[in-house]
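> This is the structure, below, for whatever I ask next.
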Amino acid sequence: MDTGIIKKENIKGVIESLMQMGKVVAPTRQDDMTVFSALPSSEALDLNYTNSKLSPKDYFFPQTEVLFCYEKENNQIHPPLIEDKPACLVGVRPCDAKAITLLDCIFNDPQYKDVYYLNKRKNTVVIGLACTNPQSTCFCTSTGGGPLDTTGMDMLWQDLGDRYLIKAVTPQGKELASKLFGIDKAPEKDLSYAKKQGEKVLSMIPPAFEAEKISEKLRSSFEDSVWETIHEKCLGCAACTFVCPTCHCFDIQDENSRDRGRRVKLWDSCMFPLFTLHTSGHNPRLSGKERMRQRIMHKFNYFKVNNGHVACVGCGRCIRECPVNMDIRQIVSAFS
Amino acid sequence: MWSKEITQKIRATAESLLLEGKVDLIIGYEAGSTPLRTAPSFVRSAEQASLLVWNPFCENNLSVYLEGRKEKVGLMAKGCDARAAVVALQEKRIDRDRLLIIGLPCSGVVDRQKLAASVNIDAVKAFSVDKDSLVLQTEEEVRLPLEDVLHASCKTCSRRNAPVSDIFIGEKSSEPQVKDEFAEVKSFEGLGTQERWRYFRELAQKCIRCYACRNACPLCYCQECIVDQTQPQWFGKTAAEEDTLIYHIIRAYHCAGRCIDCGACSRACPMGIDLRLLNKKLQKDVQELYHYIPGLNPDEAPAFGTFKLDDPQDCITEK
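Sequence lines, in order, name chains A and B.
Numbering follows the numbering used here, in which position 159 of the first sequence is assigned residue number 159; successive positions increment by one, without gaps.
One gets the numbering used here by counting positions in the second sequence from 1 and adding 336 to each.
Structural data, given as structure tokens:
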């Protein structure tokens, strides 16, 4: 793998070069939280964050996305502007970068292609940021990830104090790195320091469960009595699914006014009763029990069967943001 | 007061209530899975009573779990949990004889989002309360005055003890002298239209419509919330500013004269939105217009469940 070094004092210049090439979406501070947004200037970049409030999934899969607008007069349909300019996602944590590859399973399905998603995906380079300071809610090592995992990235940056070690992961990443700062082989002492740092951080995230085993167990646990009580404290809001980097369920709505309207794609959540409400009034997932079971089963069983990986990357946002401290590690561990 | 002795007394009380068959279920708090968190706990057997804890991180309003319960419930209640239960009793959501209110001496709960801004919560290995200080064990000991890290709703609260309880554990907390609980509302009222509008727009822009606020609220028990109605669908479901604002404004109006300002909505919000201001304004209006403070007396009719001939009518603008 090609490697290189950039001094932190040069990051600003790198970001400015990137901004000249296209849109740069990166972590920025807003009030008391870090969120991903299009950088207005290189000053706004915050690479010292632990993890962002919301994952960068919103960039590829926005909470609200207009599919097209229409006017009654002359049956006019206006497709939205498809973004085809190059863009760069900077500072994406390994968990969130991996999550993008899981979203690909859905929106780049062999049969059904989401052009809105794929256009952005194809034009976007993903620059990852290795983890140096995991949180108490992190559990990526339980879902096949780790602080140096490069899945879903074109390039990885690793904070070594006064510099970043750069690893080019894909040919696109290598090409971009060569343009920006040149890349070949970082000094041996930086490489060995980076390796040690990675091992240290890895040891700070002990696995909470074995995802493989749990997937296997869940296959025969639909009627398990655990579901009867495990959901009891859950309030049934969508904080967990909306902050989740892999949750991808959406609704499509037509918003009409008298003579015009728009069709929008918007985030939906399996934790809402309305999600499964039939036109007849029947609801197959009547209570929190069925809804919690669906969320866990989809992440750790159905998605695994369909796509070969569990739909969880261990970012821990659902644990951190849950108003009642529902801990997904504890839920799945009940099936270990 | 937050103390280990209160926790011990709670466990002993829960154990005997369950053993004597006086309740089927105790709803309380247990230790959370991450530092400085607790989680709602559902204790159905005497053996489980040892799970219960009492500390300044008992932030949820547990009355939210009373809706639709058939069992006889013992509710661990701060002042605000009990007041929300009183509203539920007034509105005939629960039977008084199926509810046992276990009053607890609250000293205000910690705003963990505010705390996280000054302390690395993940580094906290243990905590304790020493008089008026929160003591956090990180690599070094961090001492913070509790007053500085309390949730905003607790800072304007002068009803820390349950106004109605069947059992009270420990000594009642002294009620703080709050100078003016509506000070923030008053300064907001003093702002110009544009500034107030900007405040609401910023609120809507942050909101992700996860409805954590609604679901954490003990008053939001509608069988079908207006946002979930589809025939007709009253307004849009996207994160568009106008639709998000309508949701918040409707929710605030639905809680007018009922909201006891427990702050559960604000604490539940993953995006750190201060949802209380809107509710607090309506609370002030109800207090000024109808001299009514919700959640104090289960036998009293709620503000909008009754009328007096001399009620102010200025709100009726069409003649």
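Where a beta carbon is used, it is the ideal one built from N, C-alpha and C, also for glycine.
(1) Helix, strand or coil: how does DSSP classify L129 of chain A here?
(2) With a threshold of 8 Å between beta-carbons, can Q197 of chain A be considered close to chain B, or not?
(3) By Cβ distance, which residues of its chain are closer than 8 Å to V14 of chain A, with the 5 residues on each side in sequence left out?
(4) Under 8 Å, do A97 of chain A and M153 of chain A count as touching if we go by C-beta distance?
(5) I'd like the ranges of any beta strand (DSSP E) spanning at least 3 consecutive residues and lying wholly in the region 91 to 152 of chain A.
(6) Can you list, in chain order, the stretches of the beta strand (DSSP E) that have 3 or more residues and sit fully within the region 475 to 540 of chain B?
(7) Helix or strand or just coil, what does DSSP make of C247 of chain A?
(8) Does any C-beta atom of chain A lie closer than 8 Å to the C-beta of T370 of chain B?
(9) Please list, in chain order, all residues of the same chain as K120 of chain A whose beta carbon is under 8 Å from its beta carbon, the five residues on each side excluded.
(10) Taking only beta-carbon positions, decide if P606 of chain B is within less than 8 Å of chain A.
(11) Look up W267 of chain A in the DSSP assignment and give the residues it is bridged to.
(12) Please work out which residues of its chain come closer than 6 Å, Cβ to Cβ, to A186 of chain A, disregarding the five sequence neighbours upstream and downstream, and give them in chain order.
(13) Taking the alpha helix (DSSP H) that T580 of chain B belongs to, which residues open and close that run?
(14) For a test of your reading of the model: does the CB of L47 of chain A fall under 7 Å from any non-hydrogen atom of the ligand NAP? Yes or no.
(15) Can you tell me whether E407 of chain B is helix, strand or coil according to DSSP?
(16) What's the gap between the Cα of D564 of chain B and the Cα of C553 of chain B?
(17) Tell me whether F643 of chain B is buried or exposed, calling it buried when 16 or more other Cβ atoms sit within 10 Å of its Cβ.
(18) Is the distance from the Cβ of L618 of chain B to the Cβ of A637 of chain B below 8 Å?
(19) Go through its chain and collect everything with a Cβ distance to I629 of chain B's Cβ below 7 Å, but skip five positions before and after it.
(20) Could you give the C-beta distance for E71 of chain A and R262 of chain A, rounded to a whole number, given that I count them as a contact under 8 Å?
(21) Give a yes or no on whether the C-beta atoms belonging to T349 of chain B and I430 of chain B are separated by under 8 Å.
(22) If the criterion is Cβ atoms closer than 8 Å, does the pair A657 of chain B and S399 of chain B meet it?
(23) Taking C-alpha atoms, which residue in B:L470, B:A592 and B:R434 lies nearest to L372 of chain B?
(24) For the region 362 to 435 of chain B, list the alpha helix (DSSP H) runs that are entirely contained and at least 4 residues long, ordered along the chain.
(25) Roughly how many angstroms separate the alpha carbons of R245 of chain A and K515 of chain B, rounded to a whole number?
(26) By DSSP, does D184 of chain A sit in helix, in strand, or in coil?
(27) In the DSSP assignment, find the beta strand (DSSP E) that holds I331 of chain A and state where it starts and stops.
(28) Report the rounded CA-to-CA distance for A334 of chain A versus V313 of chain A, giving the unit in angstroms.
(29) Three Cβ pairs or more, each shorter than 8 Å: is that satisfied between the region 473 to 493 of chain B and the region 599 to 617 of chain B?
(30) Could you tell me the distance, in whole angstroms, from the CA atom of A38 of chain A to the CA atom of E383 of chain B?
(31) Which term fits S192 of chain A, buried or exposed, when burial requires 16 or more other beta carbons within 10 angstroms of its beta carbon?
(32) Would T132 of chain A and V25 of chain A be called neighbours here (beta carbons separated by less than 8 Å)?
(33) For L81 of chain A, which three-state DSSP category applies?
(34) Tell me, please, whether the CB atom of S192 of chain A is closer than 8 Å to any CB atom in chain B?
(35) Excluding the five sequence neighbours on either side, which residues of its own chain have a C-beta within less than 6 Å of the C-beta of L625 of chain B, listed in chain order?
(36) Excluding the 5 residues preceding and the 5 following L555 of chain B in the sequence, name in chain order all residues of the same chain whose CB lies nearer than 6 Å to its CB.
Judging by the given coordinates:
(1) Of the three classes helix, strand and coil, the one that applies to L129 of chain A here is strand, per DSSP.
(2) no
(3) I6, L180 and F181
(4) yes
(5) 124 to 129
(6) 477 to 481
(7) coil
(8) yes
(9) Y59, F60, E83 and A87
(10) yes
(11) A:F250
(12) Hits under 6 Å: T3, G4, I5 and L165.
(13) Start and end: E577 to H590.
(14) This structure lacks the ligand NAP, and indeed carries no ligand of any kind.
(15) coil
(16) 16 Å
(17) So F643 of chain B counts as exposed.
(18) no
(19) Q623
(20) About 10 Å; that fails the 8 Å criterion.
(21) no
(22) Because chain B in this structure spans residues 337 to 655, residue 657 of chain B falls outside the shown range and cannot be described.
(23) B:L470
(24) 415 to 426
(25) The question names Arg, but residue 245 of chain A in the sequence shown is Pro. Going by the C-alpha atoms only, they are around 45 Å apart.
(26) strand
(27) That residue, I331 of chain A, is in no beta strand (DSSP E); its alpha helix (DSSP H) goes I328 to S333.
(28) 19 Å
(29) yes
(30) 54 Å
(31) exposed
(32) No.
(33) coil
(34) Taking Cβ atoms only, chain B never reaches closer than 8 Å to S192 of chain A, which makes this a no.
(35) P648
(36) Cβ neighbours of L555 of chain B beyond the five flanking positions: C591 and R594.
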